[in-house]
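Worksheet: one structure, shown below.
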Amino acid sequence: MAAVAVDAMGGEHAPEAAVQAVAAVSLQTDIECVLVGDAARLEKLLEATAYNPERIAIVHAAEAIGMDEEPRSAARYKRKASLPVALRQVVSGRCAAAVSAGNPGAAIAVALRELTVLPRLHKAAMASVYPRAVEHAGQDPLGLALDVGATVRCGADELVQFAAMGAAYARVISRVDAPRVALLNMGRDAAQGDEGLVAAHRRLRDCAGMTFVGNIEGHELTSGRADVVVCEGLIGNIVVKLLETVAHMAVDLTSAAAQGNWRVRAGMAIMATRGERLRALADIASYGGAPLLGFEQVFIKAHARSQAPAIANAVKVAAKAARDGLVPALKDALAAVG
Numbered sequence: 540m541a542a543v544a545v546d547a548m549g550g551e552h553a554p555e556a557a558v559q560a561v562a563a564v565s566l567q568t569d570i571e572c573v574l575v576g577d578a579a580r581l582e583k584l585l586e587a588t589a590y591n592p593e594r595i596a597i598v599h600a601a602e603a604i605g606m607d608e609e610p611r612s613a614a615r616y617k618r619k620a621s622l623p624v625a626l627r628q629v630v631s632g633r634c635a636a637a638v639s640a641g642n643p644g645a646a647i648a649v650a651l652r653e654l655t656v657l658p659r660l661h662k663a664a665m666a667s668v669y670p671r672a673v674e675h676a677g678q679d680p681l682g683l684a685l686d687v688g689a690t691v692r693c694g695a696d697e698l699v700q701f702a703a704m705g706a707a708y709a710r711v712i713s714r715v716d717a718p719r720v721a722l723l724n725m726g727r728d729a730a731q732g733d734e735g736l737v738a739a740h741r742r743l744r745d746c747a748g749m750t751f752v753g754n755i756e757g758h759e760l761t762s763g764r765a766d767v768v769v770c771e772g773l774i775g776n777i778v779v780k781l782l783e784t785v786a787h788m789a790v791d792l793t794s795a796a797a798q799g800n801w802r803v804r805a806g807m808a809i810m811a812t813r814g815e816r817l818r819a820l821a822d823i824a825s826y827g828g829a830p831l832l833g834f835e836q837v838f839i840k841a842h843a844r845s846q847a848p849a850i851a852n853a854v855k856v857a858a859k860a861a862r863d864g865l866v867p868a869l870k871d872a873l874a875a876v877g
């Protein structure tokens with residue numbers, strides 16, 4: 540299998556986190572990686588850690604896109620930055636997939652400039668996993684929401700395509716044979732929402748091969764009712780960030796209460812395992828990244844706050860997506876919905 544290109548200069552903990560992640564992957568798996576960034580700096584960091592040199596290569600990039608840079612300007616003028624150089628490794632065929640923890644807006648803008656859009660696609664979508672309850676045998680403890688930031692507003696055509704791509708991703712990555720798909724709406728009634736949501740509901744309901752469970756409300760997101768939740772990018776972005784914030788708040792409030800009350804401390808000691816699970820669920824950055832769907836190439840966008848373990852997970856997800864045929868699955872899914 541071809542290598543995974545890693546934007547080593549992207550993210551709040553770059554380049555150290557990316558180098559540590561790739562070093563760990565080189566020792567734990569047979570995945571080959573290409574670190575893209577300041578070659579001298581990357582070589583120095585690699586020298587300070589254990590790694591398998593046979594599974595790591597370095598491609599120099601003279602620039603980096605900062606976390607606060609304007610995305611479109613960065614995509615247009617920083618063609619030699621580590622992010623576009625990493626994506627070009629995939630386009631050229633040297634690598635099978637790319638990973639970046641860098642500027643999220645720039646990741647989308649650069650992908651639209653550098654990568655090849657799939658046939659029939661109207662708009663790309665960024666998908667994100669999030670923690671939820673498990674209600675069915677074999678159900679993944681992580682749900683999938685899309686779009687969470689690649690689009691702002693969209694219509695029925697785009698929502699239907701997002702549903703098709705999300706279901707395909709769940710089948711390939713989560714191994715769910717028939718992912719349950721839902722539309723995020725203000726109520727379960729098929730007639731609720733604007734024209735786009737009503738039309739999308741009607742089309743998905745009649746879509747052969749789609750396990751459509753109808754509309755889902757905000758309070759049902761963390762239930763196991765749907766494996767794939769579809770919405771516009773504006774709503775999805777707010778939802779995912781809100782889930783992360785609420786989870787962190789719950790951890791912080793529980794910790795604060797424990798410091799001032801021995802009964803709470805005792806209770807937390809008894810429920811230590813569940814407390815650690817809540818803390819882990821609060822850290823969405825640890826899940827490995829959000830796939831940017833809609834391109835001929837595999838691109839996984841890791842959270843900007845990702846540390847080495849999360850970036851390593853993103854690399855493994857990217858390699859799995861490439862190995863198990865995510866792109867052909869997306870093409871088939873888009874062709875099926877027209």
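The opening residue of the sequence shown carries number 540 in the numbering used here; numbering runs sequentially from there. Each residue gets a CB set at the ideal place from its N, CA and C atoms; glycine is no exception.
Asked, Found
"Output the residue ranges of the beta strand (DSSP E) runs that lie fully inside the region 564 to 646 and measure 3 residues or longer, sorted by chain position.", "572 to 576, 595 to 599 and 634 to 639"
"Here's the rule: buried if 16 or more other CB atoms are within 10 angstroms of the residue's CB, otherwise exposed. What is Gly748?", "exposed"
"Spell out a yes or no on whether the region 608 to 626 and the region 571 to 586 are touching, meaning 3 or more CB-CB pairs, one atom from each, closer than 8 Å.", "yes"
"Helix, strand or coil: which one does DSSP assign to Pro718?", "coil"
"Under three-state DSSP, which class holds Val768?", "strand"
"Tell me Lys840's beta-bridge partners as DSSP assigns them.", "Ser639 and Ala829"
"Going by beta carbon distance, what residues of the same chain come within less than 8 Å of Ile570, once the five residues before and after it are set aside?", "Met540, Ala542, Val543, Val564, Arg594, Val854, Lys855 and Ala858"
"Note down, in chain order, each residue of its chain lying with its Cβ closer than 6 Å to the Cβ of Ala480, except the 5 sequence neighbours on either side.", "This structure does not reach residue 480, given that the chain is present from 540 up to 877, and the question cannot be answered."
"What separation, rounded to the nearest whole angstrom, lies between the Cα atoms of Gly775 and Asp686?", "6 Å"
"Straight-line CA distance for Ala860 to Val638?", "12 Å"
"By alpha-carbon positions, which one of Lys617, Ala589, Glu609 and Asn852 ends up nearest to Ala601?", "Lys617"
"Give me, in chain order, the residues of the same chain whose beta-carbon lies closer than 7 Å to that of Phe701; leave out the 5 immediate sequence neighbours on both sides.", "Ala664, Leu685, Asp686 and Val769"
"Could you check how far apart the C-beta atoms of Ile604 and Gly549 are, in whole angstroms? I think they sit under 8 Å.", "7 Å"
"Give every residue of the same chain whose Cβ lies closer than 8 Å to the Cβ of His661, excluding the five residues on either side of it in the sequence, and list them in chain order.", "Cys693, Asp696, Glu697 and Gln700"
"Taking the alpha-carbon of Leu722 as reference, which of Ala843, Gly757 and Ala707 has the nearest alpha-carbon?", "Gly757"
"Can you tell me whether Met704 is helix, strand or coil according to DSSP?", "helix"
"Would you kindly work out how many angstroms separate the C-alpha atoms of Ala635 and Glu835, rounded to a whole number?", "10 Å"
"Can you tell me the Cα-Cα spacing of Arg652 and Ala645, whole angstroms?", "10 Å"
"My output table needs one value for Val673: the three-state DSSP class, helix, strand or coil.", "coil"
"Am I right that Ser713 and Asp679 are in contact with their C-beta atoms under 8 Å? What's the rounded C-beta distance?", "4 Å"
"Taking DSSP's pairing of strands, which residues face Ile755 in a bridge?", "Leu723"
"Output needed for Asp863: all residues of its chain with C-beta closer than 7 Å, excluding positions within five of it in sequence on either side, in chain order.", "Val711"
"I want to check one thing, is the minimum distance from the CB of Asp863 to the heavy atoms of the ligand NAD below 6 Å?", "Of the ligands one can find in the structure shown there are none, so the ligand NAD has no counterpart to examine."
"Excluding the 5 residues preceding and the 5 following Leu736 in the sequence, name in chain order all residues of the same chain whose CB lies nearer than 7 Å to its CB.", "Leu722 and Asn724"
"What three-state label does DSSP hand Gly735 in the structure shown?", "helix"
"Candidates Phe838, Pro830 and Lys780: which alpha carbon is nearest Val629's?", "Phe838"
"Per DSSP, what kind of secondary structure is Ala541 in: helix, strand or coil?", "coil"
"Where does Leu657 sit, in a helix, a strand or coil, going by DSSP?", "coil"
"Hey, out of Gln731, Ser667 and Val598, whose CA is closest to Val778's CA?", "Ser667"
"How big is the Cα-Cα spacing for Thr568 and Val558?", "15 Å"
"DSSP puts Met749 in a beta bridge; with which residues?", "Note: Met749 sits in no beta bridge, so no partner."
"Give me the DSSP bridge partner(s) of Met665.", "Leu831"
"Pick helix, strand or coil for Met760, following the three-state DSSP scheme.", "A small fix is needed here, since residue 760 is Leu in this sequence, not Met. Coil at Leu760, not helix or strand."
"Going by the CB atoms, is the gap between Ala829 and Lys840 shorter than 7 Å?", "yes"
"For Val767, count neighbouring C-beta atoms within 10 Å of its own C-beta (all shown protein chains included) and say buried if the count is 16 or more, exposed if not.", "buried"
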